[in-house]
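What follows is a set of notes on a single structure, which appears directly below.
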Amino acid sequence: MAVSHRLFRPATTTVKNTFSSFLIRSISSSSSSSSGSSLDPKIDLEEAASQLEKSSSTSTSPSPYKGRNFHWVFLGCPGVGKGTYASRLSSLLGVPHIATGDLVREELSSSGLLSSQLKELVNHGKLVPDEFIISLLSKRLQAGKEKGESGYILDGFPRTVTQAEILEGVTNIDLVINLKLREEALLAKCLGRRICSECGANYNVACIDIKGDDDSPRMYMPPLLPPPNCESKLISRADDTEEVVKERLRIYNKMTQPVEEFYKKRRKLLEFELPGGIPESWPRLLRALHLENDKQSAIA
Ligand code: AMP
Numbered sequence: 003m004a005v006s007h008r009l010f011r012p013a014t015t016t017v018k019n020t021f022s023s024f025l026i027r028s029i030s031s032s033s034s035s036s037s038g039s040s041l042d043p044k045i046d047l048e049e050a051a052s053q054l055e056k057s058s059s060t061s062t063s064p065s066p067y068k069g070r071n072f073h074w075v076f077l078g079c080p081g082v083g084k085g086t087y088a089s090r091l092s093s094l095l096g097v098p099h100i101a102t103g104d105l106v107r108e109e110l111s112s113s114g115l116l117s118s119q120l121k122e123l124v125n126h127g128k129l130v131p132d133e134f135i136i137s138l139l140s141k142r143l144q145a146g147k148e149k150g151e152s153g154y155i156l157d158g159f160p161r162t163v164t165q166a167e168i169l170e171g172v173t174n175i176d177l178v179i180n181l182k183l184r185e186e187a188l189l190a191k192c193l194g195r196r197i198c199s200e201c202g203a204n205y206n207v208a209c210i211d212i213k214g215d216d217d218s219p220r221m222y223m224p225p226l227l228p229p230p231n232c233e234s235k236l237i238s239r240a241d242d243t244e245e246v247v248k249e250r251l252r253i254y255n256k257m258t259q260p261v262e263e264f265y266k267k268r269r270k271l272l273e274f275e276l277p278g279g280i281p282e283s284w285p286r287l288l289r290a291l292h293l294e295n296d297k298q299s300a301i302a
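Going by my numbering, the sequence shown opens with residue 3, and the numbers climb by one from there.
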């Protein structure tokens, strides 16, 4: 596809530094701006990290976990349920759930040449260029910082080792949750995904029932059906077709699986195999995260 050649560039050191400075600008306070762009990048990184700590500790979040300053990342194949569990944890912990896929879709809803070129990539299951994603994430973090947000749960970022290196350079990620689900279920979950075009809520019309055998137990995931007020407004994502989901899975294995290794080496990776649908998986995930005793966990 011609567009991908034009938009993708190899991650040279210069490009990496540019990404870093995007992120740094977003998490540094305006008081550091007087130092300008000629600063030693290392000093910028330290400054950025300390500003992030400060902004996190002044949050007014009502969560009982306030002050614990979560900087978590969700990894996992398309369709695994990152958005579902990240958004539940976000409510429980009182930290924002930032999904770069949502930021991309929001951006692509605007018109313009760049937007239509990027739409081509997204709709074909390709990753968008690192520069673009870093810029979107930076803007989102900056807006959150101005609102006094504390910490975050990232979903869909980092997706390449370059992105992981940049993130590691500017902040301290304390936990990376790698969600896993049997491959047979992933495609069905993507094909069954529906979104309410009005309120944005996610549902799933697929009923997944995989027979057990000697090696693995039966897996049953009931559909997550919409309430009557969303029923007539359901849409599917343009990249949730069989062909594109297969391409997204291929890209995940090639580009994002190395990110799992990256965090494993740094002892930050928690592998979590989803045993089934939300009712079975949520309590087990909370146990794995040592959050199971909190009264609010049941409500989230
Ligand atoms: P998602 O909603 O996470 O499946 O993301 C939807 C699409 O947005 C992906 O298939 C990519 O085209 C793009 N995207 C989201 N996050 C990233 C990222 N971190 N790096 C590159 N592309 C991304």
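For each residue, glycine too, the CB sits at the ideal point set by N, CA and C.
Just so it is clear, the structure is predicted and the values come from calculations on it, not from any experiment.
For residue i and residue j, what's the separation of their Cα atoms in angstroms?
{"i": "L116", "j": "F264", "result": "31 Å"}
{"i": "K56", "j": "I100", "result": "The predicted model places K56 with a pLDDT of 44, which falls under 50 and marks its position as unreliable, so this point remains unresolved."}
{"i": "K128", "j": "R269", "result": "29 Å"}
{"i": "D157", "j": "K213", "result": "30 Å"}
{"i": "C79", "j": "K182", "result": "7 Å"}
{"i": "T164", "j": "E133", "result": "11 Å"}
{"i": "D311", "j": "A187", "result": "Residue numbering for the chain in the displayed model covers 3 to 302; residue 311 lies beyond these limits and cannot be assessed."}
{"i": "P219", "j": "E273", "result": "19 Å"}
{"i": "F159", "j": "T243", "result": "22 Å"}
{"i": "E185", "j": "E282", "result": "18 Å"}
{"i": "I301", "j": "Y222", "result": "Annotation note: pLDDT 46 at I301 (below 50); position unreliable, no value reported."}
{"i": "S1", "j": "D217", "result": "Any answer about residue 1 is impossible in this case: the structure gives the chain only from 3 up to 302."}
{"i": "P131", "j": "L251", "result": "18 Å"}
{"i": "E102", "j": "K256", "result": "The sequence as given places Thr at residue 102; Glu does not occur at that position. Between T102 and K256, the C-alpha separation is close to 19 Å."}
{"i": "E151", "j": "E109", "result": "22 Å"}
{"i": "C198", "j": "T173", "result": "34 Å"}
{"i": "S140", "j": "A208", "result": "35 Å"}
{"i": "P98", "j": "G81", "result": "21 Å"}
{"i": "S59", "j": "T258", "result": "In this predicted model, S59 has a pLDDT of only 40, less than 50, meaning its place in the structure is not dependable enough to derive any value."}
{"i": "A190", "j": "I210", "result": "7 Å"}
{"i": "S118", "j": "E249", "result": "20 Å"}
{"i": "R289", "j": "R90", "result": "14 Å"}
{"i": "E122", "j": "A240", "result": "10 Å"}
{"i": "S6", "j": "I135", "result": "Any answer about S6 is weak, because its pLDDT of 36 lies below 50 and its placement is not dependable; what the coordinates show is given next. Taking the straight line joining both Cα atoms gives about 15 Å."}
{"i": "E200", "j": "H126", "result": "25 Å"}
{"i": "I175", "j": "G194", "result": "32 Å"}
If residue i and residue j are in contact, beta carbons under 8 Å, what's the gap, nearest whole angstrom?
{"i": "G171", "j": "F72", "result": "Contact doesn't hold; Cβ gap of about 19 Å is too wide."}
{"i": "R196", "j": "N206", "result": "7 Å"}
{"i": "S229", "j": "G279", "result": "Sequence check: residue 229 is Pro here, not Ser. About 18 Å; that fails the 8 Å criterion."}
{"i": "W74", "j": "I168", "result": "About 17 Å; that fails the 8 Å criterion."}
{"i": "R142", "j": "L105", "result": "6 Å"}
{"i": "L271", "j": "V178", "result": "5 Å"}
{"i": "K247", "j": "L77", "result": "Checking the displayed sequence, the identity of residue 247 turns out to be Val instead of Lys. About 17 Å separates the two Cβ atoms, so there is no contact after all."}
{"i": "G83", "j": "L276", "result": "6 Å"}
{"i": "G85", "j": "N204", "result": "6 Å"}
On the DSSP bridge assignment, give the partners of residue i in chain order.
{"i": "R196", "result": "Y205"}
{"i": "F72", "result": "F72 is not bridged to any residue."}
{"i": "M223", "result": "I210"}
{"i": "K182", "result": "E275"}
{"i": "Y154", "result": "H73"}
{"i": "A190", "result": "Its beta-bridge partners do not exist; DSSP assigns none."}
Ligand 1: which residues have Cβ under 5 Å from any of its heavy atoms, chain order?
Listed by chain position, these are T102, G103, V106, V124, L129, V130, I135, G158, F159 and R161.
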